[in-house]
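Report on the structure given below.
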Amino acid sequence: MSAPVASFDERMMDLALAEARKGRTAPNPHVGAVIVQGGEVVGVGHHERAGEAHAEVVAMRAAGDRARRATLYCTLEPCNHHGRTAPCTDAILAAGIARVVVGCVDPAKHGPTSGAARLREAGVEVVLGVREAQAREVIEDFACLVVKKRPLVILKAAVTLDGRIASRTGDSKWITGEDARREAHRLRDRADAVMVGVGTVLADDPRLDVRMVEGRDPIRVVLDTHLRTPESAKLVAHGSSRPTWIVHGPDAPNERRDALRRDGVVLIEAPLEGETVDVAWTLAELGRRDVMRLLAEGGGRVHGALLDRGLADRAEIFVAPVVLGDPDARPLAAMHDPPMQIASAFQLADLEIDRLGRDVRFRGRVTRGPREA
């Protein structure tokens with residue numbers, strides 16, 4: 005059976021969604037806009053970064069006088085509050101837009117009157133929910149920050165067929181091939197921060213930057229209770245356009261703090277949960293520091309801690325046709341309280357599977373319990 009033909013509104017919203025994905029907006033949502041006059045696209049735009057013009061305003065500037073009596077397609081409900089910029093509803097009304105088609109409503113409640121309500125009160129036709137699922141996915145990280153007060157957490161790992169991320173000696177270069185590693189660098193490019201444990205720093209000495217594709221380096225976050233990260237580590241010694249943050253416990257030695265600060269490292273003191281830094285507190289602190297999308301690259305203890313506490317939202321798992329066969333090789337996740345039955349195991353819902361050279365990527369939403377249909 006052939007797929008249903010998309011309506012004109014859906015096709016225009018698809019263009020707006022493509023625009024939305026271009027921005028680097030944290031802590032603001034990714035938003036795209038398209039303006040159509042007489043069946044012709046006369047303006048497009050996206051929100052580039054926090055503090056700059058919103059997508060609707062960018063598109064209206066591009067349309068100029070042709071915005072009057074036109075239709076505005078916007079992936080997210082236009083804002084109706086004063087923040088770093090004026091309300092988009094004011095600009096829409098001033099431009100004379102006649103109809104506004106919205107992908108999804110704003111999960112952030114900034115006042116008693118929503119943007120859609122304000123526009124309707126002024127006589128503008130407003131249509132909600134066109135390509136709603138896709139629009140919600142585009143702002144998934146923003147919605148997580150608004151609702152859960154923490155970044156969207158994406159588990160990322162390269163694993164063997166028997167679920168190992170490294171040999172017992174810590175060797176992991178390279179489990180996957182170049183195509184898969186390139187995709188991993190694209191994930192870093194889209195993330196606000198990348199997080200690893202100190203064990204990964206000591207075993208792999210990673211740079212956690214973007215190299216195989218054009219892009220922007222993320223903030224590098226290390227969970228290091230006792231500040232064992234050496235000054236010679238690439239995360240410390242190698243320059244980057246983005247900083248390195250190390251999250252440590254209250255008893256970390258002062259001489260280690262002083263040495264790492266001298267090298268430009270940002271230190272964040274966190275409370276302990278048991279013998280290690282509190283991961284839930286850490287995520288909340290990252291959210292307070294405007295980290296909206298976090299890529300958790302391991303190792304197994306970090307992945308396990310996130311799964312233990314229900315803090316993993318999505319996963320990107322790259323599987324190579326390799327078997328180590330060693331029960332002491334390092335696992336994808338080392339949980340404190342792992343499931344005892346398959347029925348309560350973690351699952352990937354909304355699963356997507358694609359081939360990357362010799363490797364296979366599994367990506368989806370992390371859930372726990374019976375497998376979803």
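Heads up, the sequence shown is in my numbering, so the first residue is 5 and it goes up one at a time.
Even glycine gets a Cβ: it sits at the ideal position worked out from N, Cα and C.
Straight-line spacing of the CA atoms in residue 283 and residue 309 works out to 7 Å. Considering only 101, 371, 80, the residue with the shortest C-alpha distance to residue 312 is 371.
By the Cβ neighbour-count rule, residue 86 is exposed, with fewer than 16 other Cβ atoms within 10 Å of its own. For residue 141, the three-state secondary structure derived from DSSP is helix. Residue 321 sits in a strand when the DSSP states are folded into three classes.
Within the same chain, and ignoring the five residues on either side of residue 325 in sequence, the residues whose Cβ sits closer than 7 Å to its Cβ are 165, 362. According to the DSSP assignment, residue 160 belongs to the beta strand (DSSP E) that extends over 156–163. Taken in chain order, the complete beta strand (DSSP E) segments of 3 residues or longer contained in the segment 210–237 are 223–227. It is roughly 19 Å from the alpha-carbon of residue 201 to the alpha-carbon of residue 167. Around residue 149, the same chain offers 31, 155, 291, 296 as residues with beta carbons nearer than 7 Å, after the five sequence neighbours per side are excluded. Residues of the same chain with a CB within less than 8 Å of the CB of residue 97, apart from the 5 flanking positions on each side, are 123, 126, 128 in chain order.
In the DSSP assignment, residue 187 falls within the alpha helix (DSSP H) that extends over 182–194. For residue 182, the closest alpha carbon among the candidates 373, 360, 365 is that of 360. Counting C-beta pairs with one atom in each stretch, the segment 228–246 and the segment 193–211 have three or more that are closer than 8 Å, which means they touch.
DSSP places residue 95 in the helix class (H, G or I) of the three-state scheme. Excluding residues up to 5 positions away in sequence, 352, 353, 354, 355 lie with their Cβ nearer than 6 Å to the Cβ of residue 368 in the same chain. Among the bridge pairs identified by DSSP, residue 101 is matched with none. Setting aside the 5 residues that flank it on each side, residue 111 is surrounded in the same chain by 143, 146, 147, 150, 151, each with a C-beta closer than 8 Å to its C-beta; the list follows chain order. In the displayed model, residue 264 falls within a helix according to three-state DSSP. In this structure, residue 306 lies near residue 227, with their beta-carbon atoms less than 8 Å apart. Secondary structure of residue 122 (DSSP, three-state): helix. Under the three-state reduction of DSSP output, residue 48 falls in the strand class.
Residue environment for residue 265: exposed (fewer than 16 other C-beta atoms within 10 angstroms of its C-beta). Boundaries of the alpha helix (DSSP H) around residue 204: 202–208.
Excluding five sequence positions before and after residue 241, the CB atoms of its chain that fall closer than 8 Å to its own CB belong to 235, 267, given in chain order. Looking at the DSSP output, residue 296 bridges to nothing.
Residue 199 is positioned such that its CB atom lies closer than 8 Å to that of residue 225.
Between residue 347 and the set 177, 337, 333, 373, the nearest pair of CA atoms involves 373. Residues of the same chain with a CB within less than 6 Å of the CB of residue 39, apart from the 5 flanking positions on each side, are 46, 47, 63, 67, 71, 74, 76 in chain order. Counting of Cβ neighbours within 10 angstroms places residue 178 among the exposed residues, the total staying below 16. Around the beta carbon of residue 12, a 10 Å sphere encloses fewer than 16 other beta carbons of the protein chains shown; the residue is thus reported as exposed. Nearest in C-alpha terms to residue 336, of all of 22, 43, 172, is 172. Burial check for residue 169: the Cβ neighbour count within 10 Å reaches 16 or more, so the residue is buried. Within its own chain, the residues whose Cβ lies closer than 6 Å to the Cβ of residue 203, once the five positions on either side in sequence are excluded, are 303, listed in chain order.
Going by C-alpha positions, residue 343 is about 15 Å away from residue 316.
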